[in-house]
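Student: Note that UniProt numbering has the sequence shown beginning at 1, numbered continuously upward. To start, I am sharing the structure in question, which I have written as structure tokens.
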Amino acid sequence: MKNTKPKRFLKFALVGLSGTVVDFAIFNLCINLFHFESIEASVCSFSIAVINNFIWNRNWTYPESKSIPISQQLVKFSIISVIGLIIRTPLFAYLENPIITLAEQSLSSDFPLSPVTIGHNVSLAIAIIVVLFWNYFANRFWTYKGIK
1 MKNTKPKRFL
11 KFALVGLSGT
21 VVDFAIFNLC
31 INLFHFESIE
41 ASVCSFSIAV
51 INNFIWNRNW
61 TYPESKSIPI
71 SQQLVKFSII
81 SVIGLIIRTP
91 LFAYLENPII
101 TLAEQSLSSD
111 FPLSPVTIGH
121 NVSLAIAIIV
131 VLFWNYFANR
141 FWTYKGIK
């Protein structure tokens, strides 16, 4: 039997990368176009990225999982995602102001991005990386349990 773990992990990573792009795009759109507060923008962008990831993982990374009812899979994926959001939101909030302050102190005034933009995006990146590990392992061993 062929070992599909490396290929599946690569697919999962690519789906995660697409989710990260969606997350950052929606986050910055919410802040810059719709003037959301950063925490609200983070929750909104996270939610849309989760939908993106669920669709891609079910249909591309784990196509064998289509034999499991979508409602059952979506509930598991959603529970894991909500726990991820509970981890991510306070972490983002905790990091945001110190990173903005660090950016204000470190960047020259002619830097093309504002310290606030840097602070928001670096905080989001760190929070995404932390939650990535939770999401991967929890989904692999619960949502997609039994999928070879």
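No residue lacks a Cβ here, since even glycine has one placed at the ideal position from N, Cα and C.
1) Once the 5 residues before and after A41 are set aside, which same chain residues still bring their CB inside 7 Å of it?
2) Please list, in chain order, all residues of the same chain as S81 whose beta carbon is under 6 Å from its beta carbon, the five residues on each side excluded.
3) Just to confirm my understanding: we take S65, look at its own chain, exclude 5 residues before and 5 after, and list those with CB closer than 7 Å. What are they?
4) Here's the rule: buried if 16 or more other CB atoms are within 10 angstroms of the residue's CB, otherwise exposed. What is F46?
5) What would DSSP say about F141, mapped onto helix, strand or coil?
6) Just mark M1 as buried or exposed, buried being the case when its beta carbon has 16 or more other beta carbons within 10 Å.
7) Alpha helix (DSSP H) containing S65: first to last residue?
8) Straight-line CA distance for R8 to Y62?
9) How big is the Cα-Cα spacing for A125 and S71?
Tutor: In brief:
1) As a first step, residue 41 must be located in the sequence shown, where it is residue number 41. So the list reads F27, C30, I31, once near-sequence residues are dropped.
2) Position 81 of the sequence shown, counting from 1, holds the residue named residue 81. If we look at S81 and ignore the five residues flanking it on each side, its Cβ neighbours are V50.
3) In the sequence shown, residue 65 corresponds to position 65, counting from 1. Excluding residues within five positions, the ones whose Cβ falls inside 7 Å are R58, Q73, Y144, I147.
4) Position 46 of the sequence shown, counted from the start, is the residue given in the question as residue 46. It counts as buried.
5) Counting from 1 along the sequence shown, the entry for residue 141 is found at position 141. Here F141 sits in helix by DSSP.
6) As a first step, residue 1 must be located in the sequence shown, where it is residue number 1. Below a pLDDT of 50, predicted positions are generally treated as unreliable, and M1, at 46, falls in that range; the measurement from the model is reported next regardless. The residue is exposed, with fewer than 16 neighbouring Cβ atoms inside 10 Å.
7) The residue given as residue 65 occupies position 65 in the sequence shown. No alpha helix (DSSP H) holds S65; DSSP gives it neither H nor E.
8) On the sequence shown, residue 8 is found 8 positions in, with the first residue counted as 1. On the sequence shown, residue 62 is found 62 positions in, with the first residue counted as 1. Each residue's alpha carbon lies about 8 Å from the other.
9) Translated into positions along the sequence shown, residue 125 becomes position 125. Translated into positions along the sequence shown, residue 71 becomes position 71. Computed Cα separation, rounded: 30 Å.
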